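A.B. asks: Heads up: the sequence shown runs through residues 21 to 147, numbered per the working numbering.
Using N, Cα and C, we set each Cβ at its ideal position, and we do this for glycine too.
These figures come from a predicted structure and were not determined experimentally.
This is the structure I want to talk about, given as structure tokens.
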Amino acid sequence: MRVNRGYDNMSFEYKIVGIRGATSLTEDHPMELTEKVLELWNEIMDKNDISRIISVIFSVTPDIKSLNPATILREKLDLNNVPFMSLEEASFNDSREKIIRALIICESSTHNFVYLHEAKNLRTKKE
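Dropping the structure here:
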């Protein structure tokens, strides 16, 4: 027996999506890392209609050690109620250096990916 929960005839403008983004550093320095993470975050927020953030995953290449990207957002933007996870990426022969990637799981009516600086070369098209 199917239970009608009242959603059958409703249309939802927002859906759960994963919004990707990436940026690069010229050197692993706390000031540059902070600038680039905030720039990436602001671009993602500006280019998307996000109604609720569910979680955020950052990955960094093994050569980035100076700061945790999640800590930057928690401290600078007071995002203490957002679940963050930061990971070190696996290293491959053709891996780029000094790259920070973000995956924002959220409710949004859009999902525009943002690639900045040298990270623009990571994607040639929106998938």
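Using 10 angstroms around the beta-carbon of ALA110, count the other beta-carbons present and answer buried if the total reaches 16, otherwise exposed.
C.D. replies: It counts as exposed.
A.B. asks: Identify which residue in GLU117, GLU47, SER75, ASP48 has its Cα closest to the Cα of ASN101.
C.D. replies: When each option's Cα is compared against that of ASN101, the closest is SER75.
A.B. asks: Distance, Cα to Cα, ILE64 vs ASP114?
C.D. replies: Each residue's alpha carbon lies about 26 Å from the other.
A.B. asks: What does the Cβ neighbour count give for ILE92, buried or exposed, with the cut at 16 atoms within 10 Å?
C.D. replies: The residue in question, ILE92, is buried, as its Cβ has 16 or more Cβ neighbours within 10 Å.
A.B. asks: If you scan the segment 43-120 from start to end, which runs of the beta strand (DSSP E) of 3 or more residues do you find wholly inside it?
C.D. replies: DSSP runs (the beta strand (DSSP E)) wholly in the segment 43-120: 70-80, 104-108.
A.B. asks: On a Cα-Cα basis, can you pick out the residue from GLU117, ILE125, GLU138, LYS85 that is closest to GLY38?
C.D. replies: Selected option, being the one with the closest Cα: ILE125.
A.B. asks: Would you identify the three-state DSSP class for LYS123, choosing helix, strand or coil?
C.D. replies: Here the sequence assigns Leu to residue 123, which means Lys is not the residue at that position. Strand, per DSSP.
A.B. asks: DSSP on VAL23, reduced to helix/strand/coil?
C.D. replies: Unreliable positioning characterises VAL23 in this predicted model, as indicated by a pLDDT of 46, which lies under 50. The coordinate reading is nonetheless provided below. Coil, per DSSP.
A.B. asks: Let me know if THR43 comes out buried or exposed under the rule of 16 or more other beta-carbons within 10 Å of its beta-carbon.
C.D. replies: Buried: at least 16 other Cβ atoms inside 10 Å.
A.B. asks: Going by other Cβ atoms of all chains shown within 10 Å of its Cβ, with 16 needed for buried, is VAL23 buried or exposed?
C.D. replies: With a pLDDT of 46 at VAL23, under the threshold of 50, the predicted position of this residue should be treated as unreliable, though the coordinate-derived value follows. Under this definition VAL23 is an exposed residue.
A.B. asks: Rounded to the nearest angstrom, what separates LYS36 and ARG72 at their Cα positions?
C.D. replies: The displayed chain sequence assigns Ile, not Lys, to residue 36. So the alpha carbons of these two residues sit roughly 9 Å apart.
A.B. asks: Using only CA atoms, which one of MET51, LEU45, VAL134 lies nearest to VAL80?
C.D. replies: Measuring from the Cα of VAL80, the nearest candidate turns out to be LEU45.
A.B. asks: Can you give the beta carbon distance from ILE120 to ILE70, rounded, assuming they're within the 8 Å contact cut?
C.D. replies: No, ILE120 and ILE70 are not in contact; Cβ-Cβ is about 19 Å, not under 8 Å.
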